[in-house]
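Protein chains in written order, with numbering that gives the first Met the number 0: chain A, 0 to 317; chain B, 0 to 289.
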Amino acid sequence: MKKGEKVSLGMTWMSYLGSIHGALKAAGMWDGEVHELMGLTGMGFHFITNRTLDASGPTVYNWLEEHFEMLDRIGVYSEQILVFKKEDVNTFDIAKKNNIKRIVTSLDNGIPVVTWGVTPIPEFGIISGYDDKERIFFVEDCMPEEPDPLMYDNLGLCNVPILYLNYLVEKGPYDYDQSVRSSLRFGINHWNSRYPTETDYETGKRAYDLIIRGLEAGRFDPFGLSYLMNVYADVKENMRRFFSDLAERKGFEFIKTVTDDYAELSDLFQSTAKLLPFSGPGGEHHIDSAAIQEIMKKMKAAKQLEDGIMGRIAEALD
Amino acid sequence: MANLHRIQWLHRMLLESKYPNCRNVAEYFEISRRQAMRDIEYLKYSLNAPVEYSPKHRGYYYTEADFTLPGFFLGRDEKQRLGYLAQQYMRIPSNATRELSKLFSKITGEGVGEKPYKPLTYSDYEDLISKAAAYQKKITVVYNKQGEKNKRIVHPYKILLRNGRSYLFAFCEKRRDFRTFRIDRIETLSVLPQEYTFHPDFKAYYDLIRLFPAFHQKYTARIWFAYKPRISRFISPVWDKEHNILSFEFLSSETFVVKLLNLDLPYKILSPNWLKVKLKKRMKYFLENL
Chain A
0 MKKGEKVSLG MTWMSYLGSI HGALKAAGMW DGEVHELMGL TGMGFHFITN RTLDASGPTV
60 YNWLEEHFEM LDRIGVYSEQ ILVFKKEDVN TFDIAKKNNI KRIVTSLDNG IPVVTWGVTP
120 IPEFGIISGY DDKERIFFVE DCMPEEPDPL MYDNLGLCNV PILYLNYLVE KGPYDYDQSV
180 RSSLRFGINH WNSRYPTETD YETGKRAYDL IIRGLEAGRF DPFGLSYLMN VYADVKENMR
240 RFFSDLAERK GFEFIKTVTD DYAELSDLFQ STAKLLPFSG PGGEHHIDSA AIQEIMKKMK
300 AAKQLEDGIM GRIAEALD
Chain B
0 MANLHRIQWL HRMLLESKYP NCRNVAEYFE ISRRQAMRDI EYLKYSLNAP VEYSPKHRGY
60 YYTEADFTLP GFFLGRDEKQ RLGYLAQQYM RIPSNATREL SKLFSKITGE GVGEKPYKPL
120 TYSDYEDLIS KAAAYQKKIT VVYNKQGEKN KRIVHPYKIL LRNGRSYLFA FCEKRRDFRT
180 FRIDRIETLS VLPQEYTFHP DFKAYYDLIR LFPAFHQKYT ARIWFAYKPR ISRFISPVWD
240 KEHNILSFEF LSSETFVVKL LNLDLPYKIL SPNWLKVKLK KRMKYFLENL
């Protein structure tokens, strides 16, 4: 990244993936498209929600473990800082002070830093520059308007106050085919396993069950549901493109057995998202009962399709 | 007596099996939950409506689908409630509310002054704040923040409900800034006769506080003015009369631009630099696209 160069998030609703895509590109560590990064890192297999179907699902997972592994799959060594701003945490301010210096060093080396909460919206974003005199970081977020800068003092103090910093240290070699297999195995595990930390959340096939049960019981947050479906519609479309490219690669011909079904799965999510237009925080998100019935049908069909897709991939990998 | 339009709304929701609850009513009419509960109790006990609570739906419903609201009549309970309202309205120092208070007293056949004075508790404060906000009256509060008590005059804007607690979102005259007060930490409260006008930045701050309660980023600006502007339009303003420089806080470049566009006097932004760069860029784009 040259001084003053514009850094932009990759075009996706997944703010971590969009941020890391923008940061990697600016640092010269990645030159592929968003869908390729989503598939190769494994992030495109994420499907997480909780009982109330609120907007937290897409960003509630083990950041430290998963982000490290995702970047490792593309040969990027990364380091992370995660400190919660809570009454019983004594060292938040020390962590902040030390990391301001480290961010500046990274930026001086031409490497943007991915962080949590660059604006009030609890999403990931990029720190792309700084002004030491005014003690501000220039940032990029997932909204269309250019965000105001983040003051040094407010680092980690967004609406969900966590000091999270993802430093991209060095790019090394990696075996593409091996990384694809690792990503697919991560996807299969994500599809079948229980959510590891929070009992209120589920992943993969169980996340579908939570959505279907929440809709049946009328127990859901309309804003959250709209956000979830728009995020995952975007993810499924990117993964459709990833599988479509992968099917042409030598050694991954077995992917041809799932591309049609994945296209159908993506179509189900696109039509679901159209029923749930997203109007941002504070906007009106009304969902009528006919739409709920329609979404339930689509989610049941999507679960069945994705179960078949993941089953076939698992068989081929064994 | 509960407000008739709220009762009619509740009745309609119950007839349509939409399971209204205190929270819905409070949010829809921007009243306290306590007031919403009183409305439901009024419907149930004073109008004998077949209202029951459904734990499954987390809301109320009619056990008899053909219940209709009675026409106007005044029972003992209504008289008592009207009497209560008459007392509450008498506390608000406005001619209109005093007239209403007299009218309610007249309907009940009792004089307001005849009731013995009862000291207010914090549970009454929500009602008083709602009324003061409705009439845009300033209030004085003695606020207890972790044992430290201080007296302030504030402009009560809104009551916010968060994690089961009630908060007052207001403009503090002492700090010349927006503040959020926990209502159960207010020790005394009285409504003043003076009216307030909404601060120009009210909406931007309120939206931020409502949607993102933990986020409190404020920037500081320094601007040179040809002569002193009306500083009450700014947040935490400090006027340097020797150099004609105003320092103040602002929430976002959006609120800043709106403020500057509304100023009809020569000025120059001294800092922050990022804002000057951003505004120049925006103005250039604006001019190119005219």
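A virtual CB, placed ideally from N, CA and C, is assigned to each residue, including glycine. Since we're looking at a predicted model, the values are computed, not measured.
Residue environment, residue i, which counts as buried when at least 16 other CB atoms sit within 10 Å
i, result
"B:Phe285", "exposed"
"A:Pro121", "buried"
"A:His189", "buried"
"A:Pro148", "buried"
"B:Asp38", "buried"
"A:Ser270", "exposed"
"B:Asn47", "exposed"
"A:Gly128", "buried"
"B:Pro155", "buried"
"A:Gly9", "buried"
"A:Thr118", "buried"
"A:Glu35", "buried"
"B:Lys290", "There is no way to answer for residue 290 of chain B, as the model of chain B reaches only from 0 to 289."
"B:Tyr44", "exposed"
"B:Leu264", "exposed"
"A:Asn89", "exposed"
"B:Tyr226", "exposed"
Beta-carbon neighbours of residue i, restricted to chain A and to distances below 7 Å
i, result
"B:Ser371", "Outside the displayed span of chain B (0 to 289) sits residue 371 of chain B, for which this structure offers no information."
"B:Leu216", "Rather than Leu, the amino acid found at residue 216 of chain B in this sequence is Gln. Per Cβ cutoff of 7 Å: Met150 and Asn153."
Beta carbon proximity, residue i to chain A, threshold 9 Å
i, result
"B:Leu160", "no"
"B:Lys148", "no"
"B:Leu42", "no"
"B:Lys283", "no"
"B:Lys277", "yes"
"B:Gly112", "Only weak support exists for where B:Gly112 lies, its pLDDT of 48 falling under 50; the value from the coordinates is given anyway. No - not a single Cβ of chain A is within 9 Å of the one on B:Gly112."
"B:Trp8", "no"
For residue j and residue i, the rounded distance between their alpha carbons
i, j, result
"B:Ile128", "A:Glu283", "28 Å"
"B:Ser251", "A:Asp140", "15 Å"
"B:Tyr266", "B:Arg221", "10 Å"
"A:Glu215", "A:Ala300", "15 Å"
"B:Ile6", "A:Met309", "54 Å"
"B:Ser165", "B:Tyr205", "15 Å"
"A:Asp306", "B:Arg209", "40 Å"
"A:His285", "A:Leu274", "10 Å"
"A:Gly213", "A:Arg239", "27 Å"
"A:Asp53", "B:Leu81", "42 Å"
"A:Ile291", "A:Trp12", "23 Å"
"B:Ala64", "B:Pro19", "15 Å"
"B:Glu98", "B:Pro192", "15 Å"
"A:Tyr194", "A:Gly203", "9 Å"
"B:Leu9", "B:Arg33", "15 Å"
"A:Asp287", "B:Met89", "45 Å"
"B:Glu15", "A:Phe46", "36 Å"
Neighbouring residues, chain A, relative to residue i (Cβ below 9 Å)
i, result
"B:Asn272", "Asp130, Lys132 and Glu133"
C-beta neighbour in chain B for residue i, strict 9 Å
i, result
"A:Leu23", "no"
"A:Phe123", "no"
"A:Leu183", "no"
"A:Leu156", "yes"
"A:Phe137", "yes"
Per-residue contacts from residue i into chain A (C-beta, under 8 Å)
i, result
"B:Leu269", "In chain order: nothing, as chain A lies at least about 12 Å away."
"B:Leu207", "Pro119"
Proximal residues of chain B, C-beta to C-beta of residue i below 7 Å
i, result
"A:Pro280", "Leu210"
Presumed contact (8 Å Cβ cut-off) between residue i and residue j, rounded CB distance
i, j, result
"A:Val112", "A:Leu164", "6 Å"
"A:Gly109", "A:Pro172", "Not quite, the Cβ-Cβ distance comes to about 21 Å (not below 8 Å), so this is no contact."
"B:Phe180", "B:Tyr142", "6 Å"
"A:Ile99", "A:Tyr151", "5 Å"
"B:Ile152", "B:Lys136", "11 Å between Cβ atoms; not a contact."
"A:Met37", "A:Asn237", "5 Å"
"A:Ser182", "A:Leu39", "6 Å"
"A:Glu133", "B:Trp273", "6 Å"
"A:Leu209", "A:Arg50", "6 Å"
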